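If you use the numbering used here, the sequence shown corresponds to residues 44 to 414, in order.
Taking it in order: structure first as structure tokens, then the write-up.
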Amino acid sequence: MTNRKIYGGLMSGTSLDGVDGLLLSFTGDHQLQVLARSSLPFPDELRDRLLNLAQSENISFTHLADAEQALTRHYALCWQELEKQAPGIRPEALGCHGQTLEHRPAIGYSLQLLDPSLLAELTGCNIVCDFRRRDLAAGGQGAPLVPAFHRGFLSSAKEDQIIVNLGGIANLTWLPCNPAQESLGFDTGPANLLLDAWCCKHRGTKQDENGHWARSGQANQKLLDQLLKEAYFSAPYPKSTGREMFNLAWLERQLEENDAQNLNAADIQATLVELTAASLCQAIQQLDPQQKARVLICGGGSKNTYLMERITGLARPRSVATTESAGLPPQDVEAAAFAWLAQQHLLNKPGNLPSATGAQGPRVLGGFYPA
Ligand SMILES: Nc1ncnc2c1ncn2[C@@H]1O[C@H](COP(=O)(O)OP(=O)(O)O)[C@@H](O)[C@H]1O
Ligand SMILES: [Mg+2]
Numbered sequence: 044m045t046n047r048k049i050y051g052g053l054m055s056g057t058s059l060d061g062v063d064g065l066l067l068s069f070t071g072d073h074q075l076q077v078l079a080r081s082s083l084p085f086p087d088e089l090r091d092r093l094l095n096l097a098q099s100e101n102i103s104f105t106h107l108a109d110a111e112q113a114l115t116r117h118y119a120l121c122w123q124e125l126e127k128q129a130p131g132i133r134p135e136a137l138g139c140h141g142q143t144l145e146h147r148p149a150i151g152y153s154l155q156l157l158d159p160s161l162l163a164e165l166t167g168c169n170i171v172c173d174f175r176r177r178d179l180a181a182g183g184q185g186a187p188l189v190p191a192f193h194r195g196f197l198s199s200a201k202e203d204q205i206i207v208n209l210g211g212i213a214n215l216t217w218l219p220c221n222p223a224q225e226s227l228g229f230d231t232g233p234a235n236l237l238l239d240a241w242c243c244k245h246r247g248t249k250q251d252e253n254g255h256w257a258r259s260g261q262a263n264q265k266l267l268d269q270l271l272k273e274a275y276f277s278a279p280y281p282k283s284t285g286r287e288m289f290n291l292a293w294l295e296r297q298l299e300e301n302d303a304q305n306l307n308a309a310d311i312q313a314t315l316v317e318l319t320a321a322s323l324c325q326a327i328q329q330l331d332p333q334q335k336a337r338v339l340i341c342g343g344g345s346k347n348t349y350l351m352e353r354i355t356g357l358a359r360p361r362s363v364a365t366t367e368s369a370g371l372p373p374q375d376v377e378a379a380a381f382a383w384l385a386q387q388h389l390l391n392k393p394g395n396l397p398s399a400t401g402a403q404g405p406r407v408l409g410g411f412y413p414a
């Protein structure tokens, strides 16, 4: 027996760090209760395979199929962790993001790898997935998809808020306290994706723990100014981006063009933190010129204390905190959003926010694969 209000969300983002899972109960229209959470890092071998596929020009269908099955099995393991914490609970459905290998909204295409039939077989759960393509078909970016959830669950009637998700890419949602005003959202630029890539290249670790290494460096203003000239940052929204644009090759090209290859590696890491914070805060300033909004941060980047300090510095005089202060732990937000998107699908309700994605209108997102 499934429970009408219990849903799961399984999310793996552009950081390629692993799958985050959440089992929750929607206790009201705008309220939820977390029943179980799990976070399952990708084994190195799977991460490397996915990264190669995301960066490769020539892909074999056999490699694609192998990676899809391995990824789907990893999603199933993440679900099993949730199941252990909440034995006997059957969710109505699992909302699953899949792994983005290609995001090209300009040609109406975005590919999230996952085999929902295999996942239904392995978990015994209804699966809802492939959330982005209907929005793309309706002329939208297919991203970001979290703003509608942010509006439903994190809005405040007292103050304007900006929700920031620091994943591989950073995206924000503008939530005016006046419900008559429109909410907005877009990707502001790179976040953990470049920080992880540069750190891995020079330190051999997957992430710069708490931004410790970046803190030891000194941001290079000249390089930062050049990086901020990238056309994406000043392009009008709606807009979304991904690994196709911001990746290690992009950074190395920039270093070469700006004669910056010989800068100290820690200084470059510090400059990348500054790039993340500055591009984000430029977007914040554009939406909130009166500097009154409260900024709430979620995603793995919220654990990078140095990045958080730099955002706090550049967003001043606005207050900056994590979404925890609005009742949702920062690592839960995206998986909760995909659980909610699954519920929207089952209720035949729209999941996109056209003002964020640029779609012609609200659309019911995703496809359903029965248990
Ligand atoms: N303690 C930490 N210090 C620095 N960075 C961290 C820390 N914890 C998580 N991160 C960053 O967060 C990323 C994962 O964030 P996540 O929200 O899962 O992004 P995505 O949605 O793109 O997968 C990691 O790759 C890492 O860069
Ligand atoms: Mg992740």
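Yeah, the Cβ is synthetic: ideal placement off N, Cα and C, and Gly gets one too.
What you are looking at is a predicted structure, and each value in this text was computed from that prediction instead of being measured.
Determine the burial state of residue i: buried for a count of at least 16 other Cβ atoms within 10 Å of its Cβ, exposed for fewer.
| i | result |
| --- | --- |
| N20 | In the structure as shown, the chain begins at 44 and stops at 414. Residue 20 is therefore absent and cannot be evaluated. |
| Q333 | exposed |
| Q329 | exposed |
| R296 | exposed |
| H193 | buried |
| P413 | exposed |
| D331 | buried |
| R353 | buried |
| R361 | buried |
| A108 | exposed |
| G356 | exposed |
| A278 | exposed |
| T231 | buried |
| H73 | exposed |
| D158 | buried |
| D87 | exposed |
| G71 | exposed |
| I49 | buried |
State the start and end residues of the unbroken alpha helix (DSSP H) segment that holds residue i.
| i | result |
| --- | --- |
| T248 | No alpha helix (DSSP H) contains T248, which DSSP labels as neither H nor E. |
| S259 | 255 to 259 |
| D302 | From DSSP, D302 is part of no alpha helix (DSSP H); its letter is neither H nor E. |
| E317 | 308 to 330 |
| L372 | Looking at the sequence shown, residue 372 is not Leu but Pro. Careful: P372 lies outside any alpha helix (DSSP H) and carries neither H nor E. |
| F276 | 274 to 277 |
| S160 | 159 to 166 |
| Q269 | 264 to 270 |
| P405 | Premise fails: P405 is in no alpha helix (DSSP H) and is neither H nor E. |
With residue i as the anchor, note down where its beta strand (DSSP E) starts and where it stops.
| i | result |
| --- | --- |
| C220 | Run containing C220: none; DSSP gives neither H nor E here. |
| I206 | 204 to 209 |
| F196 | That residue, F196, is in no beta strand (DSSP E); its alpha helix (DSSP H) goes 190 to 197. |
| G183 | Careful: G183 lies outside any beta strand (DSSP E) and carries neither H nor E. |
| L425 | Because residue 425 is not part of the residues shown, which for the chain are 44 to 414, the question remains open. |
| F104 | Careful: F104 lies outside any beta strand (DSSP E), inside the alpha helix (DSSP H) at 104 to 128. |
| F411 | 410 to 412 |
| F229 | 227 to 233 |
Taking C-beta to C-beta, are residue i and residue j nearer than 8 Å?
| i | j | result |
| --- | --- | --- |
| E317 | N208 | no |
| Q142 | L114 | yes |
| L83 | G61 | yes |
| S283 | P187 | yes |
| P281 | F229 | yes |
| A308 | A257 | no |
| A223 | T166 | no |
| G51 | L125 | yes |
| P373 | I327 | no |
| L306 | L266 | yes |
| P190 | L396 | yes |
| H140 | L53 | yes |
| G401 | G183 | yes |
| L67 | A303 | no |
In the DSSP assignment, what are the bridge partners of residue i?
| i | result |
| --- | --- |
| Q74 | G71 |
| H146 | S153 |
| P360 | None; P360 has no bridge partner. |
| S82 | D63 |
| C172 | G410 |
| Y50 | L67, A136 |
| I212 | P233 |
| L365 | Note on identity: in this sequence residue 365 is Thr, with Leu being the wrong assignment. For T365, which the question treats as bridged, DSSP gives the partners I340. |
(message) Considering only heavy atoms of ligand 2 and the C-beta of each residue, which residues fall inside 7 Å, strictly closer?
(response) Result: M54, S55, G56, S58, D60, G61, D63, G210, G343.
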